[in-house]
Structures are given as structure tokens and as C-alpha cells.
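Here the structure is laid out as C-alpha cells; the discussion comes afterwards.
2 protein chains.
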Amino acid sequence: MARERKTSGLPTLSDVAKAADVSAITVSRVLRHPEAVSEPLRERVQAAIAKIGYVPNTAARQLASARTDVIAVVIPSVINAVFADVVRGIYDAVEGTRFQVQLGTTNYSQLKEEGLIRLFSGQRPAAMLVTGVEHTREVTRLLEGNDCPIVQIMDLAPEPVDMQIGFSHVEAAYGATRHLLDKGYRRIAFLAAQMDPRTQRRMEGYSRALHEAGLFDDDLIVTTTKPSSVAMGAALCSDLLARGVGADAVQANNDDIALGTMFECLRRRIRIPQDFGIVGFNDLELMAVASPSITSVVTHRYDMGRRAIEMLLAAMDGKRAERTVDLGYELVPRQSTAR
Amino acid sequence: MARERKTSGLPTLSDVAKAADVSAITVSRVLRHPEAVSEPLRERVQAAIAKIGYVPNTAARQLASARTDVIAVVIPSVINAVFADVVRGIYDAVEGTRFQVQLGTTNYSQLKEEGLIRLFSGQRPAAMLVTGVEHTREVTRLLEGNDCPIVQIMDLAPEPVDMQIGFSHVEAAYGATRHLLDKGYRRIAFLAAQMDPRTQRRMEGYSRALHEAGLFDDDLIVTTTKPSSVAMGAALCSDLLARGVGADAVQANNDDIALGTMFECLRRRIRIPQDFGIVGFNDLELMAVASPSITSVVTHRYDMGRRAIEMLLAAMDGKRAERTVDLGYELVPRQSTAR
DNA sequence: TTGTATGCGTTATCAT
DNA sequence: ATGATAACGCATACAA
Chain A
0 MARERKTSGL
10 PTLSDVAKAA
20 DVSAITVSRV
30 LRHPEAVSEP
40 LRERVQAAIA
50 KIGYVPNTAA
60 RQLASARTDV
70 IAVVIPSVIN
80 AVFADVVRGI
90 YDAVEGTRFQ
100 VQLGTTNYSQ
110 LKEEGLIRLF
120 SGQRPAAMLV
130 TGVEHTREVT
140 RLLEGNDCPI
150 VQIMDLAPEP
160 VDMQIGFSHV
170 EAAYGATRHL
180 LDKGYRRIAF
190 LAAQMDPRTQ
200 RRMEGYSRAL
210 HEAGLFDDDL
220 IVTTTKPSSV
230 AMGAALCSDL
240 LARGVGADAV
250 QANNDDIALG
260 TMFECLRRRI
270 RIPQDFGIVG
280 FNDLELMAVA
290 SPSITSVVTH
300 RYDMGRRAIE
310 MLLAAMDGKR
320 AERTVDLGYE
330 LVPRQSTAR
Chain B
0 MARERKTSGL
10 PTLSDVAKAA
20 DVSAITVSRV
30 LRHPEAVSEP
40 LRERVQAAIA
50 KIGYVPNTAA
60 RQLASARTDV
70 IAVVIPSVIN
80 AVFADVVRGI
90 YDAVEGTRFQ
100 VQLGTTNYSQ
110 LKEEGLIRLF
120 SGQRPAAMLV
130 TGVEHTREVT
140 RLLEGNDCPI
150 VQIMDLAPEP
160 VDMQIGFSHV
170 EAAYGATRHL
180 LDKGYRRIAF
190 LAAQMDPRTQ
200 RRMEGYSRAL
210 HEAGLFDDDL
220 IVTTTKPSSV
230 AMGAALCSDL
240 LARGVGADAV
250 QANNDDIALG
260 TMFECLRRRI
270 RIPQDFGIVG
280 FNDLELMAVA
290 SPSITSVVTH
300 RYDMGRRAIE
310 MLLAAMDGKR
320 AERTVDLGYE
330 LVPRQSTAR
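As they're listed, the protein sequences go chains A and B.
First residue of the first sequence? That's 0 in numbering that gives the first Met the number 0, and the numbers climb one at a time after it.
First residue of the second sequence? That's 0 in numbering that gives the first Met the number 0, and the numbers climb one at a time after it.
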């Protein structure tokens, strides 16, 4: 007796097979290895597919082949313009391939990151892209348990889980602070929000530069764990000025903070760059357009996303190349430090 | 004779069933309807799951149940801060449910939109969220062919495909331009890039306000089809000023354009708001912090994403409520028009 | 409350 | 080059 089951109702492989008067597997072949099917059959099948409007069922395909076409992507945030560029690079690189992106955000929470990595690992993705190189022990374990290619982005570790593409935040920040020192600023403050691992490293670069110059002073560092934003940049700048520690420049942890700092200075009629220098980080499009324009550090975010995917695609294709890619950084001097 | 197949190698339902000495279906029930299984059995099964480290296979689940837990989301762009907020609302609303988001971007291309909608439709998503209310005939056909709940966001149409949540761009822009008129500006320009359907509607609102006031002038409209950005805002402002048409205010199509306009004015030492008024659109966080701060129109983007998902969740739960939700808008006067 | 039998739509394996 | 058949891992319908 026939048990009734819920079907999707949509045309299936065998519907196409019937219509084209071939076997199901032939239809499958036309879809995946068209060169293995003779011309006339292929055309008949393709006509049937078009006529019926057949679309392959992803779930069935995955189940049967024990693999997916999903590239799992874990980033901290989508509202952060920095990751927006990375994501654009990712999507651009995936376009035209058979792969799909599954995006997850952690909101800078290690707990959420662990949950996401666990979830994604369970879906047996074809590859994984994760942000950062510092994870909880459990996340590292989960990642290592995956047998798919994995790329870590945005930062560089001595030993990546699998592959990595990024740059040295310590060096980049060091270079930025050196630039301020070279311009003659002496009381250089560091402003930062959202203290993630990469922020810590940038602060390290800043500190090293000031220590080397014998100008380091704890009181010049103003940070908060709250989310980063332009408004927060203005607030941090206010805090700094209220301390009365004679700051004459700001190395901002990112461009939002730098922009907020600039607006706060404009409001207080503090002259930039004569009396106060500002350096941002990431070089968002805005920095070049602002008035005064703001010195910043170019990080190759779009390329990072794009090339990370390319590394994964290559690895899935068996042609794994470099294990580590250093994209470097680039300081762009602008009006905000042009004195 | 046993045919060998490639398996995922990972533990399956029946592995857990064996370990707990129950049938597979019982394990399945523990996972999905724990209340339908007796306490002792449930505990035994849960212990086995934990011990073995079992993770359900999504593909098998989808295939067997003829439905997925995927909410397909189609937006134009992730780098646009406007959609970043929408996406955040979407992810926040999905969090804690069994659903996952599948994000696709069209880059404002109708062709890409069609491709995406076709792809997604083939995956039999549990629900769909699409941006805008104007689509090609083919996209509309595809959408209507889906039997899942669909919500269109960002705009309002007389007749949505299924549900919609948004606001009237015509009215919002009309209100913004009225504000400039009320402040005594007379030669109000309209600057826009990336001429998507919503931009057209905002231009319509602007035009209506100026026509009503008898102040409409074609020469005051400067647009480009290139992507919108702060730099483009500055460029459009330059173009406008080069025309020598005596503009005394700008109604910008969005906040990026407004900010670029402001920077261009700062560079040219044009006094804001005394000699030149600026109104943006969307009220990004930046607008309140900028110096001078910029008048803008609040659009409830985060809520739009969040509530769109809530509408879909409700519909999937059989409790469909409103077909159309108008979130309205809100003008926030700031320094850039405070004269 | 628990279990049995069956099928979801596809691909892998083997056979022709 | 093409086809028959058996899985893939799970959930549904039904029975007990």
C-alpha cells in the first residue's frame, strides 16, 4: 500500500528523464559532465530541462555526493565598513563558480564564534574562511577537525590552522606612529574602541614606536570596549582632551575613530595639522575626501577577501600554493599630518 | 553484494541509535520533539549524542522533509551602509531560530537579481526576502512561483508579491525638500548617483515639492549612474557649482552624497548653513557627529530587516498578519539647515 | 510512547 | 556512451 509522502512538487531528474526518454543518470551527466554524453542525447536532455523548467535539488545532490558547494564565512560584523569590503571581495571571487557563500557574524563574541564554527562544521562545507588567527581552544579544535581547506584572514600567525592571508597589524601601526613622530609630533595618543585581538596588536605597534622614541606615556592611551563608531571617536577624543595631558596627535585604531576625532577638533577649533595630527587605519574611501583629508594606512581588504577565496578554490582543486600570504600595508600621508 | 559508497565518515543518526540502544526515529525525535520521548530514553539518547559528537546532516534532513531552514535574502550591496544596517537587523532576528540566512547581492543589476532569484528559488527556501518592489517580469514570475512566504523591503508598492515592509520614498524626499523650502532656501539642487528605483522616487518627491513652490529648475538636478560614494558626492557638488546656476542648497539622494557635498563646501569655504543648506537621506550615524552636523531623514533600516524576518517567521508559523507595513520616516533637522 | 517500513532526489558503482 | 541499481542520512506515515 502506497504511503504518501510530502514532495517538493517540483520537477525532478526523472521527470526530465521521462520527457527526454533517457535514464535519470544520463540527465545527471548532462548537467555535470556534458562531454561524457553524446551530442544528440545531450541536446534532447537540455531541451527537456528547459521545457520542464527543471532545477536541481541541492539537498539531494549533497546527500548523494557527500559534499556541498558551500563556503562558510565567519566575520565579526557586517556593519563595519572594513568587513563590508572583505565581503565584497569574497562575493566577487565566488561569482561564476559553483560555490555559494554562507555568511555568519560573531559580533566580536568568542561564544558566538564558537557556536557558528560548530554549526558550520556540521554542514560539511566545501571550505571555510574565518576572521582572525586567535581563537578559543575549542574553535581551533573544531577547525582542525574539518577536512576541508580553511583560510584565516586579516592577520598573520606563526602557524595558521591551514592557510592564512593578512598583514602585520603590529608593523602597520608601528609605521603609522613613526610617521607622526617623523612629523614632529611628540605627545601622540592612541584611541581605540572594540578591543579585539587586532586592536591589541595595533596598540602594540604604537607602543613600540613610542617606547623606542622614549615618548611612551600610559596617560595617552584612551580605550573602550564598546563598539567602534564615529561618535565614539569624538567621545574618545573629548576624553583625551579632558585629561589635560598635552596630546598633540592621535593615532586612531581605525578610520571611524579618526574621523570622530577630526570632527571633535573642528568643533573645538583645534587646528589640524598645525596643532594636532591625526592618523587613521584602514583607509576607507572617506579619508581622502574629508576636509582636511586624513592620513591613514591602506589595508587591502577587498583583495584579502578575493584572494582568500581564490586560495580556497585552488586548494579544493588540489593545487594548493602558499600557506601564508602577507598583503602588507601602505601609509598614505594626507593633510591631517601635513605640517 | 555490497556496493561501497563514499560516506561523510561522520556519525549518523543510526550510530547514535545503536549507541543508545534505541531506534533511529527515537533519536530523531529527541532532536526535534524532545517532549514526545520519555525521560529515561531521552537522557540516554542525549548522552549518546554528546559522547559520539553527532551533528545532524542538513542535506539529509532537507531531502527527507522536503523543506529547508534557509531564508534567502537578496540585497543590492553589502558595502552600502544602508544595507549593512538592514542585514544586521536580519541576522539579529534570525538568531536563536532554527533558520539560516542565505545572502545574495545584485550590485544593482537586474540581470544578477534574476540569476539570484532563480538560484534561490531552486533551493526551495523556507522564505524569501527581496529588496525593492520593482522587478523584471521574469523575477516577478519566479517569485510568484515560490510557495514560501516572501517579503519585499525598502519600498512600498500598491500590490506586493506577498508581503512588504518599507516606507514612501516620494513622501520622505518631499518632506526633506519642504524642510529646505521652509528654511528659506530657494535654489535647491538634487544630487544623486546610482539611479535605482528608490532614487527615482526620491527625485520625484523633490520635484513635486519644488513644482508646488514654483521653483523647479531642471538645471538644478545633477545625477550620475555611477556608484554612490562620498567622493562622488563631492564631485557632484563640484559639477553643480561649476554650472553657475546659483544653487543655495542641496537635497542629497543619500548621506554619502550629502557628506561629500559638505566636504566640498568646506574646501571652498562656502558657509553652511548660512549660504548653503544640505539635507541627506537615511541618517547614518555619521550625520549627527559631523561638524557641522547634517540634517537627514531617518529611515528605519535595522527595524526593517528585523521586522521583515519577523513577518516571515510569523507567516511560516501560519500566523500571517499585515500584508503591508509602513515604517514611515522622520526628518531630523541639524546644523546644516539651521538658519 | 516507541518502532517499522519506505521514500525524498540525486550520484556512485558496476555492468553492458 | 548508456543504463540498472543501490546507497546517501533522515523524516514521514502508519502500526503496535
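The beta-carbon is built from N, C-alpha and C at its ideal position, and this holds for glycine as well.
Cα separation between D218 (chain A) and R186 (chain A)?
Position 219 of the first sequence, counted from the start, is the residue given in the question as residue 218 (chain A). Position 187 of the first sequence, counted from the start, is the residue given in the question as residue 186 (chain A). Those two C-alpha atoms are separated by around 10 Å.
Would you grab the beta carbon distance between I74 (chain A) and F82 (chain A) for me? Rounded to a whole angstrom, and I think it's under 8 Å.
As a first step, residue 74 (chain A) must be located in the first sequence, where it is residue number 75. As a first step, residue 82 (chain A) must be located in the first sequence, where it is residue number 83. The Cβ separation is near 5 Å, so the contact holds.
Out of A:A126, A:L141, A:K50, A:L265, state which residue places its alpha-carbon closest to the alpha-carbon of F275 (chain A).
Stepping through the first sequence from its first residue, residue 275 (chain A) is reached at position 276. Closest option to F275 (chain A), Cα to Cα, is A:L265.
Count the other CB atoms within 10 Å of the CB of L110 (chain B); is the residue buried (16 or more) or exposed (fewer)?
Against the second sequence, residue 110 (chain B) aligns to sequence position 111. Burial call: exposed.
Are there three or more Cβ pairs, one per stretch, closer than 8 Å when the segment 172–187 of chain B is compared with the segment 147–164 of chain B?
no
Tell me which residue opens and which closes the beta strand (DSSP E) that D325 (chain A) is part of.
For the purposes of this step, residue 325 (chain A) is identified with residue 326 of the first sequence, where counting begins at 1. That run of the beta strand (DSSP E) goes 323–325.
So what does DSSP say about I48 (chain B), is it helix, strand or coil?
For the purposes of this step, residue 48 (chain B) is identified with residue 49 of the second sequence, where counting begins at 1. DSSP, read as helix, strand or coil, puts I48 (chain B) in helix.
Counting only C-beta atoms, is P55 (chain B) closer than 8 Å to chain A at any point?
As a working note, residue 55 (chain B) is residue 56 in the second sequence. With 8 Å as the cut-off, P55 (chain B) counts as an interface residue toward chain A.
According to a CB-to-CB cut-off of less than 7 Å, which residues of the segment 254–274 of chain B neighbour chain A?
G259, F262, L265, R266
List, in order along the chain, the chain A residues whose C-beta lies closer than 7 Å to that of Q122 (chain B)?
In the second sequence, the residue the question calls residue 122 (chain B) occupies position 123. Here the neighbours are T57.
Starting from the beta carbon of R87 (chain A), find every residue of chain B whose beta carbon is closer than 7 Å, and list them in chain order.
Taking the first sequence and counting its residues from 1, one reaches residue 87 (chain A) at position 88. Residues of chain B passing the Cβ test: V77, I78.
When you compare only the Cα positions, how much space is there between I48 (chain B) and E42 (chain B)?
For the purposes of this step, residue 48 (chain B) is identified with residue 49 of the second sequence, where counting begins at 1. For the purposes of this step, residue 42 (chain B) is identified with residue 43 of the second sequence, where counting begins at 1. So the two alpha carbons sit approximately 10 Å from each other.
Which chain B residues sit within Cβ distance under 8 Å of Y90 (chain A)?
The residue you call residue 90 (chain A) lines up with position 91 of the first sequence. The answer, in chain order, is V77, T104.
Under 8 Å, Cβ to Cβ, is there at least one residue of chain B near E143 (chain A)?
Position 144 of the first sequence, counting from 1, holds the residue named residue 143 (chain A). With 8 Å as the cut-off, E143 (chain A) does not count as an interface residue toward chain B.
Applying the criterion that 16 or more other CB atoms from any shown protein chain within 10 Å of the CB defines a buried residue, is N255 (chain A) buried or exposed?
Along the first sequence, one-based indexing puts residue 255 (chain A) at 256. The sequence given here places Asp at residue 255 (chain A); Asn does not occur at that position. Buried is the call here.
On a Cα-Cα basis, can you pick out the residue from A:V129, A:G213, A:N253, A:Q101 that is closest to M376 (chain A)?
It is not possible to answer for residue 376 (chain A), since the shown part of chain A is limited to 0 through 338.
May I ask which residues mark the beginning and end of the alpha helix (DSSP H) holding I116 (chain A)?
By 1-based counting over the first sequence, the position of residue 116 (chain A) is 117. 109–121 is the extent of the alpha helix (DSSP H) around I116 (chain A).
For E158 (chain B), count neighbouring Cβ atoms within 10 angstroms of its own Cβ and tell me buried if that reaches 16, exposed if not.
Within the second sequence, numbered from 1, the residue matching residue 158 (chain B) stands at position 159. With fewer than 16 other Cβ atoms within 10 Å, it is exposed.
For the alpha helix (DSSP H) holding G317 (chain B), just list the boundary residues, first then last.
Reading the second sequence from its first residue, position 318 is the one you call residue 317 (chain B). Here G317 (chain B) belongs to no alpha helix (DSSP H), and DSSP marks it neither H nor E.
Can you list, in chain order, the residues of the segment 179–209 of chain B whose Cβ is nearer than 8 Å to any Cβ on chain A?
none
Establish whether the CB of E284 (chain A) and some CB of chain B are separated by less than 8 Å.
Numbered from 1 along the first sequence, position 285 holds the residue referred to as residue 284 (chain A). Chain B contact via Cβ: present.
Name the two residues that bound the continuous beta strand (DSSP E) containing Y328 (chain B).
Taking the first residue of the second sequence as 1, we reach residue 328 (chain B) at position 329. 328–331 is the extent of the beta strand (DSSP E) around Y328 (chain B).
Check each candidate in B:Q273, B:A230, B:L283, B:D247 and name the one with the smallest Cα separation from G259 (chain B).
Within the second sequence, residue 259 (chain B) is the residue found at index 260, counting from 1. Nearest of B:Q273, B:A230, B:L283, B:D247 to G259 (chain B), Cα basis: B:A230.
Can you give me the Cβ contacts of N281 (chain B) inside the same chain, cut-off strictly under 6 Å, excluding the 5 residues immediately before and after it?
Locating residue 281 (chain B) in the second sequence gives position 282, counting from the first residue. Closer than 6 Å at Cβ, skipping near neighbours: V81, N253, D254, T298.
Please list the partners that T6 (chain B) has in chain A, where partner means a Cβ-to-Cβ separation under 7 Å.
Translated into positions along the second sequence, residue 6 (chain B) becomes position 7. In chain order: A65.
Are the CB atoms of G103 (chain A) and S120 (chain A) within a distance shorter than 8 Å?
Looking up residue 120 (chain A) in the first sequence gives position 121. Looking up residue 103 (chain A) in the first sequence gives position 104. No. Outside cutoff.
Can you check which of these residues, A:D146, A:M162, A:E211, is closest to T176 (chain A) by C-alpha distance?
The sequence position of residue 176 (chain A) within the first sequence is 177, counting from 1. Selected option, being the one with the closest Cα: A:E211.
In the DSSP assignment, find the alpha helix (DSSP H) that holds I89 (chain B) and state where it starts and stops.
By one-based count along the second sequence, residue 89 (chain B) stands at place 90. For I89 (chain B), the enclosing alpha helix (DSSP H) has its first and last residue at 80–93.
Mapping DSSP to helix, strand and coil, what is E215 (chain B)?
The residue given as residue 215 (chain B) occupies position 216 in the second sequence. As written in the sequence, residue 215 (chain B) is Phe, which differs from the Glu given in the question. Reduced to three states, the DSSP call for F215 (chain B) is coil.
Could you tell me which chain A residues have their CB closer than 7 Å to the CB of D84 (chain B), listed as they occur along the chain?
As a first step, residue 84 (chain B) is located in the second sequence; it is residue number 85 there, counting from the start. In chain order: I78.
Helix, strand or coil for V36 (chain B), going by three-state DSSP, please let me know.
Here residue 36 (chain B) refers to the residue found at position 37 of the second sequence. Three-state DSSP puts V36 (chain B) in coil, outside helix and strand.
Quick one: grab the DSSP three-state call for A58 (chain A).
Along the first sequence, read from residue 1 onward, the residue named residue 58 (chain A) stands at position 59. Note: A58 (chain A) maps to helix in three-state DSSP.
Is the Cβ-Cβ distance between L326 (chain B) and G165 (chain B) less than 8 Å?
Numbered from 1 along the second sequence, position 327 holds the residue referred to as residue 326 (chain B). Numbered from 1 along the second sequence, position 166 holds the residue referred to as residue 165 (chain B). Yes. Within cutoff.
What is the DSSP secondary structure of I293 (chain A), counted as helix, strand or coil?
Looking up residue 293 (chain A) in the first sequence gives position 294. In the structure shown, I293 (chain A) sits in coil (DSSP, three-state: anything other than H, G, I, E or B).
Short check: CB of P291 (chain B) to CB of S335 (chain B), under 8 Å?
Numbered from 1 along the second sequence, position 292 holds the residue referred to as residue 291 (chain B). Numbered from 1 along the second sequence, position 336 holds the residue referred to as residue 335 (chain B). Cβ distance < 8 Å, so P291 (chain B) and S335 (chain B) count as in contact.
Following the continuous alpha helix (DSSP H) through V100 (chain B), name the residue where it begins and the one where it ends.
Counting from 1 along the second sequence, the entry for residue 100 (chain B) is found at position 101. Note, V100 (chain B): premise wrong, no alpha helix (DSSP H); beta strand (DSSP E) at 99–104.
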